[in-house]
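Novice:
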Amino acid sequence: MTEVKASMAGSVWKLVAAQGDQINEGDDVAILESMKMEIPIPSESSGTVKEIKVEEGDFVNEGDVIAIIE
Amino acid sequence: MKSTMTTTNQSFQERVDTIKSGGAEKYHDKNKEKGKLFVRERLELLFDDDLSVEDAFFANCQDGTLPADGVVTGIGKINGEQVCVMANDSTVKAGSWGARTVEKIIRIQETALKLNIPMLYLVDSAGARITDQVEMFPNRRGAGRIFHNQIKLSGRVPQVCLLFGPSAAGGAYIPAFCDIVVMVDGNASMYLGSPRMAEKVIGEKVTLEEMGGATMHCSVSGCGDVLAKDEQEAISFCRRYLGYFPSNYSERPKAKETMDPRAFEKSLEEIIPENQNAPFDMYQLIDRLIDEGSFCEIKKKFAPELITGLSRIDGKSVGIIANQPRAKGGVLFPDSADKAAKFIQLCDAFNIPLLFLADIPGFMIGTKVERAGIIRHGAKMLSAMSEATVPKISVIVRKAYGAGLYAMAGPAFEPDACLALPSAQIAVMGPEAAVNAVYANKIAALPEEERPAFIKQKHEEYKENIDIYRLASEMIIDDIVEPNRLRSELSVRFEAYERKDVTFTHRKHGVYPV
Numbered sequence: 003m004t005e006v007k008a009s010m011a012g013s014v015w016k017l018v019a020a021q022g023d024q025i026n027e028g029d030d031v032a033i034l035e036s037m038k039m040e041i042p043i044p045s046e047s048s049g050t051v052k053e054i055k056v057e058e059g060d061f062v063n064e065g066d067v068i069a070i071i072e
Numbered sequence: 199m200k201s202t203m204t205t206t207n208q209s210f211q212e213r214v215d216t217i218k219s220g221g222a223e224k225y226h227d228k229n230k231e232k233g234k235l236f237v238r239e240r241l242e243l244l245f246d247d248d249l250s251v252e253d254a255f256f257a258n259c260q261d262g263t264l265p266a267d268g269v270v271t272g273i274g275k276i277n278g279e280q281v282c283v284m285a286n287d288s289t290v291k292a293g294s295w296g297a298r299t300v301e302k303i304i305r306i307q308e309t310a311l312k313l314n315i316p317m318l319y320l321v322d323s324a325g326a327r328i329t330d331q332v333e334m335f336p337n338r339r340g341a342g343r344i345f346h347n348q349i350k351l352s353g354r355v356p357q358v359c360l361l362f363g364p365s366a367a368g369g370a371y372i373p374a375f376c377d378i379v380v381m382v383d384g385n386a387s388m389y390l391g392s393p394r395m396a397e398k399v400i401g402e403k404v405t406l407e408e409m410g411g412a413t414m415h416c417s418v419s420g421c422g423d424v425l426a427k428d429e430q431e432a433i434s435f436c437r438r439y440l441g442y443f444p445s446n447y448s449e450r451p452k453a454k455e456t457m458d459p460r461a462f463e464k465s466l467e468e469i470i471p472e473n474q475n476a477p478f479d480m481y482q483l484i485d486r487l488i489d490e491g492s493f494c495e496i497k498k499k500f501a502p503e504l505i506t507g508l509s510r511i512d513g514k515s516v517g518i519i520a521n522q523p524r525a526k527g528g529v530l531f532p533d534s535a536d537k538a539a540k541f542i543q544l545c546d547a548f549n550i551p552l553l554f555l556a557d558i559p560g561f562m563i564g565t566k567v568e569r570a571g572i573i574r575h576g577a578k579m580l581s582a583m584s585e586a587t588v589p590k591i592s593v594i595v596r597k598a599y600g601a602g603l604y605a606m607a608g609p610a611f612e613p614d615a616c617l618a619l620p621s622a623q624i625a626v627m628g629p630e631a632a633v634n635a636v637y638a639n640k641i642a643a644l645p646e647e648e649r650p651a652f653i654k655q656k657h658e659e660y661k662e663n664i665d666i667y668r669l670a671s672e673m674i675i676d677d678i679v680e681p682n683r684l685r686s687e688l689s690v691r692f693e694a695y696e697r698k699d700v701t702f703t704h705r706k707h708g709v710y711p712v
């Protein structure tokens, strides 16, 4: 089980993956909006998305967990 | 089983052979299990033709158990150029430092200083021999002098640290004062206090890898620059790295044969996204500008929102500092600013021209970075960039907003040229943020249905105001360059600025914002 964490502070602009999805290492799980930029948040491991911890529009700080991959 | 004891009855050759073979066999076996080479094997791999001069081979030979006193020092050739080296022998009392060990290291540093040639540190040492502390710790030519010499050598000759094992406590400062630290994954470690000490003194339970392992230092602390998978890789990196440098600050790097950039299906023009806010992979741009295979990246795993690396354009060394929009939007953070500051100083010290590739929304904002002191870290980067007197070219690839423009060698910082691609946008802030900042009250006062049209109109006006042709017309930027012509433009400009010879200012030294 690995956690996908926000690389920087920002708001969740788009959730790319959903619970139950199969994803590969390097696939984007979510895209944040920060500093007027789109910040892709890729998964560091392959597996199934067990849980998405945030909703679109949420503010996340650097290091906050966005999703859990199993 | 061979003995490391020397006795008065031994012949000269027997003594030499004993010393050459290092410590007891069980320590050789232990090292082999960990994938570690014997110190003399490392040196054979490192040099074109082994160590040519060895100093104090017989150091501490009468003790009988400490061949060469646990360190090999001398001079050898890499790529045909002389370099000085000190290399710990971890088969001899775990590479620990006694009085003669320290004296040998100090002497080879003094040789590097006299000959004005690079100094390499092959570190694999448990630290001081506590039993010998009075002879090697507090005195004038004690271990402190090693660091004093490193600081004196810094910027004068290249200093490289290859970390093959531990560098503990005070010993951890040898890597800290080097230009670059290459760490071997799994074996290299750096820490002031071991996990055992941490548990005793502060109650923290932690593994060695977490405390000071190679991966941690190369990705989190920034104390390591290059993560090597084994010793062979670390050594070949070192040989390659030195090829970008001259022997000392008064010489220029030697040029190699020119190579074309790697061939790509898509041109530069095709890969730069029109939307300023969309991510873009800066490596794609770098590969299209430099000689194929010439990128030697420094701190790849640390603060990846800024790329730093040595390269060649037309065979000549060029240091690249580039924002990476793929990571953290290319925004500058305290770590990336530090990373840039050190890299810029490294290149400037050894006459390597600098290329800045800007695609930056600015410095990060928010409580987290303010508390981390982003202002003073950013100041370090600006200060290093500003003081650099080597040829400097900044290229505005896409956006350069706010202090981001300044940090990436914007026009006010005397770059020899500030070039822009047609996609460039230079402004205090991006259109969305600017319209919001200036018209927030007005927008709020408008009926809701009128707002989108008003905002759109203001965006357009703003974009016209910061149009790149307007900035060229005002001579803020020196030229607008078609992306597919950028490499040849850089090549002719770097050649034109080669003769640049300026002194930043006269003083003892600045008061650095650290």
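Protein chains in written order, with the numbering used here: chain A, 3 to 72; chain B, 199 to 712.
Think of the CB as a built atom: it goes at the ideal place given N, C-alpha and C, for glycine as much as any other residue.
These numbers come from a predicted model, not from an experiment.
1. Express the C-alpha separation of B:G517 and B:C545 in angstroms, rounding to a whole number.
2. DSSP three-state label for B:R510, please.
3. Of the residues that make up the region 36-58 of chain A, which ones have a beta carbon closer than 8 Å to any beta carbon in chain B?
4. Chain B partners of A:N63, CB-CB under 7 Å?
5. Any residues in the region 454-482 of chain B with a beta carbon nearer than 7 Å to a beta carbon of chain A? Which ones, in chain order?
6. Along the beta strand (DSSP E) that carries B:D322, what are the first and last residues, could you check?
7. Where DSSP assigns a beta bridge to B:K733, which residues make up the other side?
8. Chain A partners of B:V679, CB-CB under 8 Å?
9. So, B:P502 versus B:V529, is the Cβ gap smaller than 8 Å?
10. For a test of the three-state rule: what should DSSP assign to B:C416, helix, strand or coil?
11. Between B:L406 and the rest of its own chain, which residues show a CB-CB distance below 7 Å, the 5 nearest in sequence each way excluded?
12. How is the alpha helix (DSSP H) around B:S621 delimited, first residue to last?
13. Relative to the C-alpha of B:V679, which residue among B:R338, B:I653, B:C616 is closest?
14. Out of B:K454, B:E672, B:K514, B:L555, which one is the CA nearest neighbour of B:V690?
15. Taking only the alpha-carbon atoms, compute the straight-line gap between B:D458 and B:G608 and give it to the nearest angstrom.
16. Count the other CB atoms, across all protein chains shown, that sit within 10 Å of the CB of B:F702; report buried if there are 16 or more and exposed otherwise.
17. Could you tell me the alpha carbon to alpha carbon distance between B:Q307 and B:G353, rounded to whole angstroms?
18. Does the beta carbon of A:M10 sit closer than 8 Å to a beta carbon anywhere in chain B?
19. Return the residue from the list B:A622, B:G262, B:P650 that minimises the CA-CA distance to B:N634.
20. Which same chain residues end up closer than 6 Å to B:P316 when comparing Cβ atoms and leaving out the 5 residues on each side of it in sequence?
21. Consult DSSP for B:C545 and reduce its assignment to one of helix, strand or coil.
22. Identify, in the order they occur along the chain, each residue of the same chain with its Cβ nearer than 6 Å to the Cβ of B:E696, setting aside the five sequence neighbours on each side.
23. Please classify B:N446: is it buried, with 16 or more other beta-carbons within 10 angstroms of its beta-carbon, or exposed?
24. For a test of the three-state rule: what should DSSP assign to B:S365, helix, strand or coil?
25. List the DSSP bridge partners of B:Q280.
26. So what's B:L390 in DSSP terms, helix, strand or just coil?
Specialist: So, from the listed chains and residues:
1. Reading the second sequence from its first residue, position 347 is the one you call residue 545 of chain B. Reading the second sequence from its first residue, position 319 is the one you call residue 517 of chain B. So the two alpha carbons sit approximately 6 Å from each other.
2. Here residue 510 of chain B refers to the residue found at position 312 of the second sequence. Looking at B:R510 - three-state DSSP - the assignment turns out to be strand.
3. For the region 36-58 of chain A, which is checked against every Cβ of chain B, the residues closer than 8 Å are S36, M37, K38, M39, E40, I41, P42.
4. What you label residue 63 of chain A is simply residue 61 of the first sequence in a count that begins at 1. Neighbours of A:N63 across chain B, judged by C-beta separation under 7 Å: K566.
5. Residues N475, A476, P477.
6. Walking along the second sequence from the start, residue 322 of chain B turns up at place 124. It spans 317-323 - the beta strand (DSSP E) in which B:D322 sits, taken as one unbroken run.
7. Here chain B covers residues 199 to 712 and nothing more, so residue 733 of chain B does not appear.
8. As a first step, residue 679 of chain B is located in the second sequence; it is residue number 481 there, counting from the start. For B:V679, none of the residues of chain A pass the 8 Å Cβ criterion, the least Cβ distance being about 24 Å.
9. Within the second sequence, residue 502 of chain B is the residue found at index 304, counting from 1. Within the second sequence, residue 529 of chain B is the residue found at index 331, counting from 1. A distance of 8 Å or more separates the beta carbons of B:P502 and B:V529.
10. Position 218 of the second sequence, counted from the start, is the residue given in the question as residue 416 of chain B. Note: B:C416 maps to helix in three-state DSSP.
11. The residue labelled residue 406 of chain B in the question sits at position 208 within the second sequence. Take B:L406, set aside five residues on each side of it, and the residues of its chain with a beta-carbon closer than 7 Å to its own are S387, P393, in chain order.
12. In the second sequence, residue 621 of chain B corresponds to position 423, counting from 1. It is not in any alpha helix (DSSP H) - B:S621 carries neither H nor E in the DSSP assignment.
13. To locate residue 679 of chain B, count along the second sequence from 1; it is residue 481. Nearest of B:R338, B:I653, B:C616 to B:V679, Cα basis: B:C616.
14. Counting from 1 along the second sequence, the entry for residue 690 of chain B is found at position 492. Of the listed residues, the one whose Cα sits closest to B:V690 is B:K514.
15. By 1-based counting over the second sequence, the position of residue 458 of chain B is 260. By 1-based counting over the second sequence, the position of residue 608 of chain B is 410. When rounded, the distance between both Cα atoms is 28 Å.
16. As a position in the second sequence, residue 702 of chain B is number 504, starting the count at 1. Burial call: exposed.
17. Position 109 of the second sequence holds residue 307 of chain B. Position 155 of the second sequence holds residue 353 of chain B. Going by the C-alpha atoms only, they are around 14 Å apart.
18. Counting from 1 along the first sequence, the entry for residue 10 of chain A is found at position 8. Answer yes: the Cβ-Cβ gap between A:M10 and chain B drops below 8 Å somewhere.
19. In the second sequence, residue 634 of chain B corresponds to position 436, counting from 1. For the residues B:A622, B:G262, B:P650, the minimum Cα distance to B:N634 belongs to B:P650.
20. Working through the second sequence from its first residue, we reach residue 316 of chain B at position 118. Only residues of its own chain outside the window of five on either side were considered, and among them V281, V355, P356 have a CB closer than 6 Å to the CB of B:P316, listed in chain order.
21. For the purposes of this step, residue 545 of chain B is taken as residue 347 along the second sequence, with counting starting at 1. Note: B:C545 maps to helix in three-state DSSP.
22. Locating residue 696 of chain B in the second sequence gives position 498, counting from the first residue. The answer is none, since no qualifying residue turns up.
23. Within the second sequence, residue 446 of chain B is the residue found at index 248, counting from 1. Within a 10 Å sphere around the beta-carbon of B:N446 sit 16 or more other beta-carbons, which makes this residue buried.
24. Residue mapping note: residue 365 of chain B aligns to position 167 of the second sequence, counting from 1. Three-state result, B:S365: strand.
25. If you number the second sequence from 1, residue 280 of chain B lands on position 82. Per DSSP, B:K275.
26. Here residue 390 of chain B is taken as the residue at index 192 of the second sequence, counted from 1. In the structure shown, B:L390 sits in coil (DSSP, three-state: anything other than H, G, I, E or B).
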